[in-house]
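S.K.: One structure, pasted below without further comment.
Residue numbers (this note's numbering), protein chains in the order written: chain A, 1 to 597; chain B, 1 to 128.
Listed below in structure tokens is the structure:
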């Protein structure tokens, strides 16, 4: 209903002439002001030395043509412009072929001596200016800007504008690259931008060091580009993220905006501008944890579906119920404690700082000290969370807790990506990397709207359903995380199937996945969802029919994905899979085969 | 008064006048066309071109384009002269001279466009 209303509203707006004019005006304003080229910058700075060089050449050549000389027989002879220019050209560039066509008189030699020094000065000035210009920081910066703008302008595929190349930005750009989506990157720090060039990306990601709070910089990074599909504000600064989201909402209301927020106030202010998706990693982690306590299988399912495809399946212990110990009562600690208490758990908090003052039940002290830890009685607890913003203390707390009680469920907040190995070898059950939470969330939402819809539907199902699906996914995809992709059975993405339907034939889910035709073993692919006319059907069985225009969400490994793509796209693999007939694929052979049929 | 504008206007006008001075006269008569005048026209035209570098406005771009055309025509004329005087077996013939002068006349046309642009720019500046 709401989409219907929205469509009606849009049509109303489109009919409004004044509004259209305003939109045109806005478009004009969005066109980047100056399209400079590096050549023009050089030429502008080189004006004076170039004029000097021309004048010096002109004077020298003119002098040579005016000064009387003699030819080989001693008769009076005057050098023409052609010879004078030829002589000056090789003399000024210090090639020096000698005095031609005839030996010079003393008067000519006098003039040539003068011209040689004159031209050397001219060249030295020109070349010196050119090199100084190439060394100039401002000029180099201008060149980088020009190159970046050009690269962004030349993007011909949909791309995502990533502001902030920190831990989450880095991951997202890499994952998007893996599935063939492009990104344009902006960050205030030059060294991070240098990292983009070194990143193992399949496609070049244009990157630029600039303050994203300035709208012009965002426009240069492709905010106004028609193929910009989303803006991700992932800087560490809430204020900057807010500025980016605001700029995007005002200048390009049609692109999606994702912003990382660390405070509730920033989240509220963000909502004032359009409809950006605010992601608070600590809040999200609390939600995960609650889901993990309430519905372990659904939790694991979501974990599988939002992870990077092709990586090994994450092994998770079930989150236990009982008393928990939380060390660190900062932003993250507060969220987690509140979520655990909301799930009816008893929580003991250890906190050294001022935050402990407002709650008498909090044990004041450092969790790394064994005396303090002993007061929290780790022997009787079921879980331990190291939640400070210092990785070294988190690691030592984990070690101390493990020594006190071997069976504790250990959760650590990992702040630095570089410490990943340490957390892995100490053997925590769950390391929360805030950056990872943000990146996964956005990745799931961006890559596939169908997937995102599926993920929102998972919590509506019971845990047994999720358990069953986990088993099916594992049978189909083995020990690695599945690829998830959506297909639409229409003429554009599935031409071979469109023809199939046009011939009046029918198709069911089971037939598509195969296993019945002679040459076709069943594909290792699971159909997660069928969407028809806005209605979603979860896990359609083998006998569910498919119609043109249906959308499917599929899960499988890359070989399954390739097979499905081939069936949808070309007639020969389609007929081999669905009919068991090995048809010729080339045009000539098809022509030849037709009469015999 | 802006000295830069004076220098700019001076070179554009001088390029046009020198060019005109060279072109005027019977097209095929070598006696009526001075090689020093062609040389001066070429040098001044080159200087005018460099002075137009780096102006990013629309009118600046057209200015530069006209100058480049004039340079090209004058260089072609100079090359024909050098060929006729030094390399051709027949020496300078009326036919060669006619080619040189017609090339220079083409450059003159570009220079006139340049002057028109200059005048138009000046007038619009005054009106503002």
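For each residue, glycine too, the CB sits at the ideal point set by N, CA and C.
Just to confirm the assignment, what range does the beta strand (DSSP E) spanning residue 409/A have?
M.R.: Here the beta strand (DSSP E) through residue 409/A covers 409-413.
S.K.: Near residue 91/A, what residues of its chain come up, given a Cβ to Cβ distance below 8 Å and the 5 sequence neighbours on each side ignored?
M.R.: Contacts found: 112, 115, 116 and 119.
S.K.: Going along the stretch 16-35 of chain B in order, which residues come within less than 7 Å of chain A, judged by CB to CB distance?
M.R.: Answer set for the stretch 16-35 of chain B: 35.
S.K.: In chain E, what lies closer than 8 Å to residue 55/A by C-beta?
M.R.: Structure shown: chain E not included; protein chains present are A and B.
S.K.: With a CB to CB cut of under 6 Å and the five nearest residues on each side skipped, what residues in its chain are close to residue 536/A?
M.R.: Excluding residues within five positions, the ones whose Cβ falls inside 6 Å are 529.
S.K.: For the stretch 49-68 of chain B, enumerate the residues whose C-beta is nearer than 7 Å to any C-beta of chain A, in chain order.
M.R.: Residues 50, 51, 53, 54 and 56.
S.K.: Quick one: give me the first and last residue of the alpha helix (DSSP H) that residue 215/A is part of.
M.R.: Segment 215-220, the alpha helix (DSSP H) holding residue 215/A.
S.K.: Is it the case that the Cβ atoms of residue 514/A and residue 577/A are separated by a distance below 8 Å?
M.R.: Taking 8 Å as the Cβ cut-off, residue 514/A and residue 577/A qualify as a contacting pair.
S.K.: For residue 598/A, tell me which candidate among 56/A, 180/A and 145/A has the shortest Cα-Cα distance.
M.R.: Nothing can be reported for residue 598/A, as the shown portion of chain A is limited to 1 through 597.
S.K.: Compare the Cα-Cα distances from residue 563/A to each of 545/A, 543/A and 485/A and report the closest residue.
M.R.: For residue 563/A, the nearest C-alpha among the options comes from 485/A.
S.K.: Measuring only the C-alpha atoms, how far is residue 268/A from residue 534/A?
M.R.: Approximately 31 Å between the Cα atoms of the pair.
S.K.: Give every residue of the same chain whose Cβ lies closer than 7 Å to the Cβ of residue 196/A, excluding the five residues on either side of it in the sequence, and list them in chain order.
M.R.: Contacts found: 165, 185, 205 and 207.
S.K.: Would a check of beta-carbon distances place residue 10/B closer than 8 Å to chain A?
M.R.: Residue 10/B does not count as touching chain A.
S.K.: Could you name the residues of the stretch 72-106 of chain B whose beta carbon sits closer than 8 Å to any beta carbon of chain A, in the order they occur along the chain?
M.R.: Those would be 78, 81, 82, 85 and 86, in chain order.
S.K.: Spell out whether any CB of chain B is found under 8 Å from the CB atom of residue 80/A.
M.R.: Interface residue, yes.
S.K.: Contact between the stretch 123-143 of chain A and the stretch 385-393 of chain A: three or more CB pairs below 8 Å?
M.R.: The answer is no - the stretch 385-393 of chain A does not touch the stretch 123-143 of chain A, with fewer than three Cβ pairs under 8 Å.
S.K.: Apply the 10 Å Cβ neighbour rule to residue 106/B and answer buried if 16 or more other Cβ atoms are within range, or exposed otherwise.
M.R.: Residue 106/B comes out buried.
S.K.: I'd like to know if the stretch 85-97 of chain B and the stretch 62-82 of chain A are in contact, where contact means that at least 3 CB-CB pairs between them fall below 8 Å.
M.R.: With the cut-off at 8 Å, the stretch 85-97 of chain B and the stretch 62-82 of chain A touch.
S.K.: Is residue 39/B close to chain A, meaning its C-beta is less than 8 Å from at least one C-beta of that chain?
M.R.: Yes - at least one Cβ of chain A is within 8 Å of the one on residue 39/B.
S.K.: Quick one: what's residue 77/A bridged to in DSSP?
M.R.: Note: residue 77/A sits in a beta bridge opposite 69/A.
S.K.: In this structure, how does DSSP classify residue 565/A when only helix, strand and coil are distinguished?
M.R.: In this structure, residue 565/A counts as helix in the three-state DSSP scheme.
S.K.: In three-state terms, what does DSSP make of residue 451/A?
M.R.: Three-state DSSP puts residue 451/A in a helix.
S.K.: Taking Cβ positions only, does residue 58/A come closer than 8 Å to chain B?
M.R.: True, the Cβ-Cβ gap to chain B drops below 8 Å.
S.K.: Please say whether residue 104/B and residue 74/B have beta carbons closer to each other than 8 Å?
M.R.: Contact flag set, yes.
S.K.: Report the rounded CA-to-CA distance for residue 461/A versus residue 242/A, giving the unit in angstroms.
M.R.: For residue 461/A and residue 242/A, the distance between alpha carbons rounds to 35 Å.
S.K.: Using a Cβ cut-off of 9 Å, pull out every chain B residue sitting near residue 121/A, in sequence order please.
M.R.: Those within 9 Å of residue 121/A in chain B number zero; the least Cβ separation is about 17 Å.
S.K.: Using only the alpha-carbon positions, how far apart do residue 276/A and residue 334/A sit?
M.R.: Approximately 25 Å between the Cα atoms of the pair.
S.K.: Which same chain residues, not among the five before or five after residue 45/B, have their C-beta less than 6 Å away from its C-beta?
M.R.: Cβ neighbours of residue 45/B beyond the five flanking positions: 15, 70, 71 and 74.
S.K.: Does residue 498/A come out as helix, strand or coil in the three-state DSSP assignment?
M.R.: Residue 498/A falls in the helix class under three-state DSSP.
S.K.: Just curious, the beta strand (DSSP E) that residue 258/A is in, first and last residue?
M.R.: Taken as a continuous stretch (DSSP letters only), the beta strand (DSSP E) holding residue 258/A covers 256-260.
S.K.: Is residue 40/A close to chain B, meaning its C-beta is less than 8 Å from at least one C-beta of that chain?
M.R.: Output row for residue 40/A: interface = yes.
S.K.: Keeping to the same chain, check which residues put their C-beta closer than 8 Å to that of residue 598/A; ignore five residues upstream and five downstream.
M.R.: What the structure shows of chain A is the stretch from 1 to 597, and residue 598/A is not part of that stretch, so it cannot be assessed.
S.K.: Show which residues of chain B have a CB atom less than 9 Å away from the CB atom of residue 62/A.
M.R.: Going along chain B in sequence order, the residues near residue 62/A (Cβ under 9 Å) are 36, 39, 40 and 43.
S.K.: Kindly list the residues whose CB is nearer than 8 Å to the CB of residue 82/B, restricted to its own chain and excluding five residues on each side of it in sequence; keep chain order.
M.R.: Nothing listed; no residue qualifies.
S.K.: Please work out which residues of its chain come closer than 8 Å, Cβ to Cβ, to residue 126/A, disregarding the five sequence neighbours upstream and downstream, and give them in chain order.
M.R.: Here the set comprises 46, 49, 50, 52 and 53.
S.K.: CA-CA distance, residue 66/B and residue 114/B?
M.R.: About 6 Å.
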